[in-house]
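These notes are about the structure you will find just below.
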Amino acid sequence: VEEKFQDSVTLVKFNHDGKYLVAVDMAGNFTCWKYSNHNFTKMNSMNFNEPSWFEWHPQANVLILAEKESLSMWKVPTLDVAKYFSLESPSEVGCFMPDGKNALIGYDEGYAIILDLSSFTVKSKLKSHEIDSEHGIVSLGAHPDNSLVALGTKKGRVLLFTTKNQKLIGTLEIPETDNGNYIETIKFGRESLAGLFIVAFSNYLHIYDNSKLVLRHTVLLSGIGTRLVCLEPYVFIGTTKAVIDICDCRSGLKKPSLQGHTKTIMDIALSKDGKRLMTSSDDGTVKIFYLEACPSDSRQVLQIF
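Following this line, the structure appears as structure tokens:
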């Protein structure tokens, strides 16, 4: 499937059960499709004012979307608005917590909040005294058991907080390269692998043990990493070289990359069943890659455009 947008598509994500797909371009155009019987049907579209991020609820057909000064919650596919929340400062990143009851929101001023979704009130604030506004929060992730969150900054630091008492339990310093060390994306792996995957504004994927804060692997990418998703034991990383790199997080070895775009990969998303990988690019297109599981614990990739 391929869809042409007015501008570069920066955000694209499946809902919790893979039945709906939403993509947003830089012009604020928001489009929702329904997936059924291997076909995508356009359901609804609208325009937002400078959207910076959106995330699907982990169990419901609801999403939250951040604009320049506000956060809103929407029902899909009707696009009925449920709630509004005024942002304290610009926010470049946020997510639902895995329990679906709270949201984690990062601010440019160098801190994050946990937002209670039933009341849309702030439950807690996560901030390190060592971090100022120059260390704006630009990426974040939540552990699957809701106990731990990671915040990535513009200056190469990754801060790990407990959610129970908002305690800072560790700080990781990502080495600076010629491109800087802006933390592009962070993901926690399953508890069984205890992985923390970090991509800075560089050609490297850093794989840490999140329980010991020990570096396991550093993987050279095809280009500067932009986004990543986990389908363990594999990690898919979008790059500025228009390809999606695939890495085995156990060994740190790369698999053949996914190709088909002509410009930087802006966002990637994985369906819940792990069979479809969605990509958006600076070339203005959105593509679906179908992934077939093989008995040998490897994955054959079928590219369909």
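Residue numbers (the UniProt record's numbering): 1 to 305.
Glycine included, each C-beta is placed from N, C-alpha and C at the ideal position.
Residues near residue i in its chain [Cβ-Cβ closer than 6 Å; skip 5 each side]
| i | result |
| --- | --- |
| His206 | Ile198, Thr218 |
| Pro90 | Asp108 |
| Arg227 | Thr185, Gly238, Asp267, Ile268 |
| His143 | Phe188 |
| Ser296 | Because Ser296 carries a pLDDT of 37, less than 50, the predicted location of this residue cannot be relied on, and the following value inherits that uncertainty. So the list is empty, once near-sequence residues are dropped. |
| Phe14 | Leu21, Ala269, Ser271 |
| Lys42 | Trp33 |
| Thr262 | Ala242, Asp283 |
| Ser298 | Note that Ser298 has pLDDT 40, beneath the 50 cutoff, so the model's placement of it is unreliable and no number is given. |
| Cys230 | Lys187, Gly189 |
| Lys19 | Tyr35 |
| Leu259 | Residue identity check: residue 259 is Gln in the sequence provided, not Leu. The answer, listed in chain order, is Val243. |
| Phe120 | Lys83, Phe85 |
| residue 343 | This structure cannot speak to residue 343, because the chain is shown only from 1 to 305. |
| Lys255 | Ile246 |
Contacts around residue i, its chain only, beta-carbon distance under 7 Å, and the 5 residues preceding and following it disregarded
| i | result |
| --- | --- |
| Ser257 | Ser222, Val243, Ile244, Asp245, Ile246 |
| Ser8 | Asp25, Met26, Met266, Asp282, Gly284 |
| Asn146 | Met97, Pro98, Asp99, Thr163 |
| Ser240 | Contrary to the premise, residue 240 reads as Thr rather than Ser in this sequence. Excluding residues within five positions, the ones whose Cβ falls inside 7 Å are Gly223, Ile224, Thr226, Thr264. |
| Phe177 | Per the sequence shown, residue 177 should be read as Thr rather than Phe. Result list for Thr177: Ser202, in chain order. |
| His135 | Gly110, Thr153, Lys154, Lys155, Arg157 |
| Val122 | Ile113, Leu115 |
| Glu183 | Here residue 183 is Ile; the residue named in the question, Glu, does not match the sequence. Within the same chain, Ile183 has close Cβ partners Val138, Ser139, Gly152, Thr153, Gly156, Val158, Ile174, Ile198, Ala200. |
| Tyr204 | Thr218, Val219, Leu220, Leu221 |
Residues near residue i by beta carbon distance below 8 Å, same chain, minus five either side
| i | result |
| --- | --- |
| His16 | Trp56, His57, Pro58, Gln59, Ala60, Asn61, Lys272 |
| Lys252 | Checking the sequence, you will find Gly at residue 252 rather than Lys. If we look at Gly252 and ignore the five residues flanking it on each side, its Cβ neighbours are Ile207, Arg216, His217, Thr218, Val219. |
| Ser45 | Asn29, Phe30, Thr31, Cys32 |
| Asn181 | Lys155, Gly156, Ile174, Pro175, Ala200, Phe201, Ser202 |
| Lys101 | Asp116, Leu117, Ser118 |
| Thr78 | Asn44 |
| Val140 | The amino acid occupying residue 140 in the given sequence is Leu; Val does not appear at that position. The answer, listed in chain order, is Val93, Gly94, Cys95, Leu104, Gly106, Ala112, Val149, Ala150, Leu151, Gly152, Ile186. |
| Ser70 | Tyr84, Phe85, Ser86, Leu87 |
| Asp80 | Trp74 |
Enclosing beta strand (DSSP E) for residue i [first to last residue]
| i | result |
| --- | --- |
| Gly195 | 195-200 |
| residue 309 | The chain is shown from 1 up to 305; residue 309 falls before or after that span and cannot be answered. |
| Ala112 | 112-116 |
| Val93 | 93-96 |
| Phe54 | 53-56 |
| Arg157 | 157-162 |
| Lys131 | It is Ile, not Lys, that sits at residue 131 in the sequence shown. Ile131 -> no beta strand (DSSP E), and no H or E assigned at all. |
| Thr10 | 9-14 |
| Thr153 | 148-153 |
| Thr185 | 183-188 |
| Tyr20 | 20-25 |
| Asn102 | 102-106 |
| Ser139 | 137-142 |
Nearest-angstrom beta carbon gap, residue j and residue i [assumed within contact, 8 Å]
| i | j | result |
| --- | --- | --- |
| Glu50 | Glu67 | 6 Å |
| Val12 | Ser202 | That belief does not hold up - the Cβ atoms of Val12 and Ser202 are roughly 23 Å apart, past 8 Å. |
| Ala103 | Leu117 | 6 Å |
| Leu172 | Leu213 | 6 Å |
| Trp53 | Leu63 | Between Leu63 and Trp53 the Cβ distance is about 10 Å, and since that is not below 8 Å, they are no contact. |
| Gln48 | Leu65 | Sequence check: residue 48 is Phe here, not Gln. Indeed they touch by this definition, with Cβ atoms about 7 Å apart. |
| Gly110 | Ser133 | 5 Å |
| Asn210 | Leu196 | 4 Å |
Beta carbon proximity, residue i to chain B, threshold 7 Å
| i | result |
| --- | --- |
| Leu126 | Given the protein chain composition of this structure (a single chain), no chain B is represented. |
Count the C-beta pairs between the segment 115-134 and the segment 164-180 that are closer than 8 Å, then say yes if the count reaches three, no if not.
Taking a cut-off of 8 Å for Cβ pairs, the segment 115-134 and the segment 164-180 touch, as three or more such pairs fall below it.
Restricting to runs no shorter than 3 residues, where is the beta strand (DSSP E) found entirely within the segment 208-276?
The segment 208-276 contains these whole beta strand (DSSP E) runs: 214-220, 225-231, 234-239, 244-248, 253-258, 265-270.
What are the uninterrupted segments assigned as alpha helix (DSSP H) that are 4 or more residues long and contained completely in the segment 34-86, given in chain order?
For the segment 34-86, not one full-length alpha helix (DSSP H) segment reaches 4 residues or more.
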